[in-house]
Amino acid sequence: MATVTYPCYWQKKDNKGQWYWIYYAKNGEEIARSSESYVNRSDCANSIALVQNSSGHKIYYTE
């Protein structure tokens, strides 16, 4: 198995056998998790791609 480098995403299976992802920061801390589980691993991978491609999107806030 390859050495894990951070930051990175991990795809894992839950107790029902469905896929979800966790994003780990450079220090190895978990900082994000998928909001749902996926039957197909490819759907989980697509969810990661959507998050990765959203880095240029605007950020809104309320005071």
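Those letters in the sequence shown? Residues 1 to 63, by UniProt numbering. Cβ coordinates follow ideal geometry from the N, Cα and C atoms, glycine included.
Rounded to whole angstroms, Lys-13 and Tyr-61 show a C-alpha spacing of 33 Å. Within the same chain, Ile-22, Tyr-24 come within 7 Å of Glu-30 by CB-CB distance, once the 5 residues on both sides are set aside. Boundaries of the alpha helix (DSSP H) harbouring Ile-48: 41 to 52, taken from the DSSP string. Under the DSSP definition of a beta bridge, Glu-30 partners with Tyr-24.
The beta carbon of Val-39 sits closer than 8 Å to those of Gln-18, Trp-19, all from its chain and outside the five residues before and after it, given in chain order.
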